Amino acid sequence: MAERKIDALALSEASSYEDYLAKAQARGFDFELKKSGVQDEMLRRGWSVVAPYFLRPNIAPDGPLPAMPKIERDDEGKIVKATANPQLAQFLSRAWNINSREDLLKSAQQASQRTHDKAYEAGRAILQEIRELPLEQRAGHTSVLVNELSGALPEVPFATLEKEAQRLLKPLLNPDAELLIPQRLPDSLAGFYFAAAVRQLNLGAGAGFIKPSEVRPIIVKCVLGIARAYDTWEEYVAALIYGEAMLASKIGDHFRFIFHNAAALLTATDSPWVELPLHTETFPPIKSNSYEEIFSSMQANAQQLPVAVTGKLADDLRLGWSLQAPYLVGSKIPLDAPATYDEQRVQEIWQHLENQHQVSDTASLRTAIGKYLDEPDHEAYRVIRDELQEVRSWDVEKRRTDGLEKITTALRSKYAKAAAPEHTSEDIDKAVSSTAAQLAKLLLVEDIDLFLPKTLPSSLAGWRIAQGVRLAAMGFATKLLTEDEANEFAAVGADKAKSNHTDWRDFGDGFLVGRLCESGQVDGLQQRMMASTAGALASKQSPWSELALR
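The UniProt record's numbering puts the last residue of the sequence shown at 550; the count rises by one with no breaks.
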């Protein structure tokens with residue numbers, strides 16, 4: 001590892017946790033923070049949760065450790081062997097008994113599943129009361145904490161509860177307790193355990209055990225868990241420091257290094273935590289534990305989302321334009337008509353059309369729209385939806401081990417019967433394997449209960465239909481289409497939505513699951529679109545509330 005050059009604030013220079021934060025932030029870093037080059041905001045947030053442990057002048061806070069395997073070369077300088085970095089590999093072995101790639105992935109997966117510290121949450125109220133006492137009186141209240149835990153966790157043996165109480169009280173009994181604990185204790189320690197998972201993966205990347213691209217699902221799961229547990233990075237830091245103080249054998253330079261980094265990252269202008277707050281418009285908070293709960297809570301708050309409508313077009317056209325509602329709810333752009341924009345926004349739309357859809361003129365725009373509206377249905381999804389629904393109900397381990405085989409078998413059975421004579425068995429196998437892999441990936445999404453409804457939508461057409469209508473709106477904005485021409489595409493979209501979906505909820509689910517199926521990963525935009533879709537379903541101003549899909 002690179003030499004530490006951060007001028008970390010000493011604990012003796014502060015009088016309280018809050019004072020340490022302020023002074024460490026004022027001191028900041030004596031170098032510019034390096035950029036990782038990672039473009040995915042979800043991953044940047046995810047890797048940054050362990051930046052306090054690894055930050056150096058040459059280590060970016062928003063990316064994985066660069067691979068640092070031990071390299072062996074021949075006399076000509078060619079690499080003949082690359083093995084795990086011994087220093088990092090030894091640390092993984094000592095700290096977590098991780099000695100291989102398989103050990104690493106299993107350990108990180110298990111750590112990412114620890115979303116609660118039940119003992120801490122059960123005893124937090126008593127711990128907060130003990131926090132208010134003078135240091136010398138706190139140890140005498142151990143029995144009070146044990147009794148509280150005993151009532152909340154009756155299934156846990158008393159001897160275990162005593163050990164748990166000692167673990168939880170350790171930071172409060174430390175001579176430096178005022179510096180280690182905020183005035184208000186964190187509500188949850190989940191962030192500390194999620195950080196452990198990401199920390200293992202970061203060390204594994206540096207050791208050469210894994211490639212960072214392999215572990216995106218676990219990183220995403222961890223950052224989503226942190227975003228569910230806390231509203232701000234500062235709340236996360238409080239949990240991280242409490243967790244470290246709970247396990248640390250001593251409060252020394254290593255602890256000070258972590259604490260200073262975490263504090264300074266909260267306010268440093270080039271910090272990823274400043275650039276990417278824990279919650280933003282494109283990364284809204286999700287406090288629920290299921291897709292259905294999220295929709296219920298978002299719909300309850302739907303009146304807070306601005307919804308713009310014009311009411312000037314015929315109902316079928318208004319319905320057609322409203323198919324792009326998941327992109328627009330929460331903005332001032334009308335949901336039921338094509339919109340005009342200022343020159344700067346028009347240029348941005350042009351750039352999007354050129355870069356994402358290879359559109360340069362009206363003809364290429366019509367071709368792009370046709371790709372979405374002509375055949376919007378995901379045929380393979382529709383024909384094996386029942387099998388997918390069955391796999392959706394399995395636990396995560398069974399989905400991982402048996403899901404792909406189940407989906408592949410179902411697809412092969414359906415398509416072998418319907419295949420044209422000119423298609424060879426090899427052609428069919430290739431098509432089936434590719435499609436099965438895509439659909440299986442959908443069912444292996446981390447936190448599946450958050451991002452897939454319990455009952456899968458009847459079709460995924462909603463996603464592609466909305467894309468086609470959105471392109472028509474962009475065509476009108478850039479004057480590639482007249483209003484009448486754009487309205488024709490909106491009318492086609494309305495017809496396609498009616499023929500592929502049963503109601504607005506089914507359309508909304510089809511839109512969200514369709515996007516997830518195509519991208520194969522969860523990101524901040526998926527969360528924002530969930531909020532917008534829920535708002536479109538619930539808001540009384542929304543065309544979806546006024547106009548039935550069928």
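Where is the CB? At the ideal position from N, CA and C, for every residue including glycine.
Bear in mind that the values here come from a model prediction, so they are computed numbers and not experimental data.
Asked                                                                                                         : Found
Per-residue burial, R199 [other beta carbons within 10 Å of its own, 16 or more giving buried]                : buried
Sheet register partners of E41 (DSSP bridge)                                                                  : For E41, which the question treats as bridged, DSSP gives no partner whatsoever.
Short Cβ contact (9 Å threshold) for P175 with L127                                                           : no
Alpha-carbon spacing of T246 relative to R167, whole angstroms                                                : According to the sequence shown, residue 246 is Met rather than Thr. So the alpha carbons of these two residues sit roughly 6 Å apart.
6 Å Cβ shell around V223 - same chain, five flanking residues per side excluded                               : R45 and G46
Check whether L172 and I130 have beta carbons under 9 Å apart                                                 : yes
Sheet register partners of I448 (DSSP bridge)                                                                 : Looking at the DSSP assignment, I448 forms no beta bridge with any residue, so it has no partner.
7 Å Cβ shell around R228 - same chain, five flanking residues per side excluded                               : I286 and K287
Neighbourhood of S542 by C-beta, 6 Å cutoff - its chain only, sequence neighbours within 5 removed            : V307 and A536
Validate contact between the region 424 to 439 and the region 462 to 482 using beta carbons, cut 8 Å, 3 pairs : no
Length of the line joining the Cα atoms of A197 and G204                                                      : 11 Å
With 16 other Cβ atoms within 10 Å as the buried cut-off, status of H116                                      : exposed
C-alpha gap between A548 and W504, whole angstroms                                                            : 8 Å
contact_flag[the region 494 to 511, the region 444 to 462] where n(CB pairs < 8 Å) is 3 or more               : yes
Beta-carbon gap between A490 and G320 smaller than 9 Å                                                        : yes
Alpha-carbon spacing of D523 relative to Y341, whole angstroms                                                : 27 Å
Alpha-carbon spacing of P52 relative to S143, whole angstroms                                                 : 35 Å
Identity of the residue in N202, V432 and S188 nearest G225 by Cα                                             : S188
Nearest-angstrom Cα separation, counted from F451 out to R216                                                 : 16 Å
DSSP three-state assignment for residue 551, whether helix, strand or coil                                    : There is no way to answer for residue 551, as the model of the chain reaches only from 1 to 550.
Reference Q87; option with closest CA among D7, G206, S107 and I181                                           : G206
Under 9 Å between C-beta atoms of L317 and N487                                                               : yes
Alpha-carbon spacing of R256 relative to R94, whole angstroms                                                 : 22 Å
For T478, three-class secondary structure by DSSP                                                             : coil
Assigned exposure category for R4 - 16 Cβ within 10 Å defines buried                                          : Only weak support is given to the placement of R4: the predicted model assigns it a pLDDT of 46, under 50, and the value that follows is read from those uncertain coordinates. By the neighbour-count rule (16 or more Cβ atoms within 10 Å), R4 is not buried but exposed.
Bridge partners - A26, DSSP secondary structure assignment                                                    : According to DSSP, which records beta bridges pairwise, A26 is partnered with nothing at all.
Uninterrupted beta strand (DSSP E) stretches inside the region 345 to 415 (no shorter than 3 residues)        : none
Buried or exposed (CB count within 10 angstroms, at least 16 for buried), R550                                : exposed
9 Å Cβ cutoff met for P61 and L328                                                                            : no
At least 3 beta-carbon pairs within less than 8 Å: the region 527 to 534 vs the region 391 to 404             : no
P334 in three-state terms, based on DSSP                                                                      : strand
Rounded separation between H279 and R412 - CA only                                                            : 43 Å
Close beta carbons around L201, own chain, < 6 Å, minus the five adjacent residues each side                  : A108 and V215
Neighbourhood of V492 by C-beta, 6 Å cutoff - its chain only, sequence neighbours within 5 removed            : L373
For residue 553, the three-state DSSP class (helix, strand or coil)                                           : Since the first residue shown for the chain is 1 and the last is 550, residue 553 is missing from the structure and cannot be characterised.
Range of the contiguous alpha helix (DSSP H) that encloses Q109                                               : R101 to S112
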